[in-house]
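From first to last, the protein sequence lines are chains A and B. If you want my numbering, it's the position in the first sequence, counting the first as 1, plus 43. If you want my numbering, it's the position in the second sequence, counting the first as 1, plus 1043. Glycine included, each C-beta is placed from N, C-alpha and C at the ideal position. It should be emphasised that the depicted structure is a prediction, and the values quoted were computed from it without experimental measurement.
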Amino acid sequence: MSNHEIKIMDSIMDRIRDDKVKMKPRWYFVLGSIAMIVGFICAVIISIFFVSLISFSLRSHGPMGAVRYQELIDSFPWWALAIAVFGILIGSLILKKYDFSYKKNFIGIIIFVIFAIIISGFLIDILGFDNFWLKRGFMNKYNDQNHVQTVKMHGLGKNNINN
Amino acid sequence: MDEIKNFSDEQLADYVRHQDKEAYFEIVQRYQNKLLRYVSTITNDEAKAADIVQNVFLKAYINLNSFNHKKKFSTWIYRITHNETINELVKYKNETPLLENMDFRGGDDLETDFSKKEIKEKVKKCLISLPFKYSEPISLFFLEEKSYEEISDIMRLPVNTVGTRINRGKKLMKKICQTMK
Chain A
44 MSNHEIKIMD SIMDRIRDDK VKMKPRWYFV LGSIAMIVGF ICAVIISIFF
94 VSLISFSLRS HGPMGAVRYQ ELIDSFPWWA LAIAVFGILI GSLILKKYDF
144 SYKKNFIGII IFVIFAIIIS GFLIDILGFD NFWLKRGFMN KYNDQNHVQT
194 VKMHGLGKNN INN
Chain B
1044 MDEIKNFSDE QLADYVRHQD KEAYFEIVQR YQNKLLRYVS TITNDEAKAA
1094 DIVQNVFLKA YINLNSFNHK KKFSTWIYRI THNETINELV KYKNETPLLE
1144 NMDFRGGDDL ETDFSKKEIK EKVKKCLISL PFKYSEPISL FFLEEKSYEE
1194 ISDIMRLPVN TVGTRINRGK KLMKKICQTM K
């Protein structure tokens, strides 16, 4: 063994024995991975929402278009944005600093994700899933209120018909 | 303690994680020579290489739980070494001769000119003069005897790029070695 090798061995083993260096627990890396995955999923949700919104705004739409457009904007998933930002931030802080993971085809993954987002965004808009979501989902209550307001605005209420 | 000598690197890493941290001694013993040689050929400075390798072993120990024992331990530790060496080179960029823009074109297939053994000796002498982007894959391929796939994992480059760099590096090295004679 050369002097350098002996020095390295002694220095490392002394620090390990004296507990000057400690192994990071397994949960630390698991947490980083989970935060990253959850953040990434939320980022995808937001991206799909945006693509759907853009697709809708590009299409010609009737007199209710502005109302529906406003509904879509009002239903922006802020929770997803918050989770995406925190998840990716925490995940990259934990994982990027100790980025010893194995090679992944990042370009392939990115291309796949971009295509998946664009296609699903357009599909959601074309197939009318956004309508379904607005009517059936947590926006149902909001829609009912909105509908009542619209009816009042245009004077189409039951009372008006009777009168 | 003698039983660990028969362990594979991956088994040994698992053993250190779950059973006996003292067994890390064996990992250091198995890799310090290889890593010192690898880093020395890149930095051309043994003392600096020793510092880098020491940091590598410490980081590897601290992050041993992030190692996936289903993968190759050697690739993992070489990846850490690659990162650590790059960081050091960036820190001391002005001191290290990084001849990134230097390139030569050569039409011959040098695979026929050099056998692997012959190259191994020449590599040691000429490697220092090569630009870093060529010296690293050549060092990994000829001195550390890593496959293209492993080098691709360590350097995070596509396998084709690794092949191209090794081929260009060989041509470049031939030119440099010839001018050295």
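- Residues are counted here when their Cβ sits less than 8 Å from a Cβ of chain B; for the segment 57–84 of chain A these are 58, 59, 60, 64, 65, 66, 67, 68, 69, 71 and 72, given in chain order.
- Within the segment 1105–1132 of chain B, contact with chain A at the beta-carbon level (separation under 8 Å) is assigned to 1105, 1106, 1107, 1108, 1109, 1110, 1111, 1114, 1118, 1119, 1122, 1123 and 1126.
- The DSSP-derived three-state label of residue 158 of chain A is helix.
- Residue 1125 of chain B: member of the alpha helix (DSSP H) spanning 1116–1134, first to last residue.
- Nearest to residue 1061 of chain B by alpha-carbon distance, out of A:67, A:137 and A:57, is A:67.
- The Cβ atoms of residue 127 of chain A and residue 82 of chain A sit closer than 8 Å to each other.
- Across the structure, residue 115 of chain A and residue 1105 of chain B are spaced so that their CA atoms are roughly 48 Å apart.
- Assigned with DSSP and collapsed to three states, residue 1198 of chain B falls in helix.
- Judged by DSSP in its simplified three-state form, residue 1106 of chain B adopts coil rather than helix or strand.
- Only exposed fits residue 107 of chain A, as fewer than 16 other CB atoms lie within 10 angstroms of its CB.
- Between the segment 1053–1060 of chain B and the segment 1109–1118 of chain B, the count of Cβ pairs shorter than 8 Å is three or higher; the stretches touch.
- Around the beta carbon of residue 171 of chain A, fewer than 16 other beta carbons lie within 10 angstroms, which makes this residue exposed.
- If you keep only unbroken alpha helix (DSSP H) runs of at least 4 residues inside the segment 63–91 of chain A, you get nothing at all.
- For residue 1191 of chain B, same chain residues with a beta-carbon under 7 Å away, outside a window of 5 residues either side, are 1202, 1205 and 1206 in chain order.
- In the DSSP annotation of this structure, the continuous segment of the alpha helix (DSSP H) that includes residue 1061 of chain B starts and ends at 1052–1061.
- Linking residue 54 of chain A to residue 1075 of chain B through their CA atoms gives a straight-line distance of about 13 Å.
- Sequence-distant partners of residue 1195 of chain B (beyond 5 residues in either direction) whose C-beta falls short of 6 Å from its own C-beta, in its chain, are 1202 and 1205.
- Nearest C-alpha to residue 1064 of chain B among B:1103, B:1084, B:1094 and B:1098: B:1103.
- The beta carbon of residue 1170 of chain B lies closer than 7 Å to those of 1084, 1178, 1181 and 1182 in the same chain, with the five residues before and after it left out.
- Listed along the chain, the chain B residues whose CB falls inside 7 Å of the CB of residue 116 of chain A amount to none; the nearest CB is some 40 Å away.
- Residue 1100 of chain B reaches chain A at 51 and 55, counting residues in chain order whose Cβ is nearer than 8 Å.
- Taking 8 Å as the cut-off, the beta carbon of residue 79 of chain A is found no closer than this to the beta carbon of residue 163 of chain A.
- DSSP, read as helix, strand or coil, puts residue 1188 of chain B in coil.
- When C-alpha distances from residue 1118 of chain B are compared across B:1134, B:1078, B:1101 and B:1213, the shortest belongs to B:1078.
- Just so you know, the alpha carbons of residue 165 of chain A and residue 1070 of chain B end up roughly 53 Å apart.
- Inclusion of residue 160 of chain A and residue 90 of chain A in the CB contact set at 8 Å is warranted, their separation being smaller than that value.
- A direct Cα-Cα distance of roughly 13 Å separates residue 158 of chain A from residue 95 of chain A.
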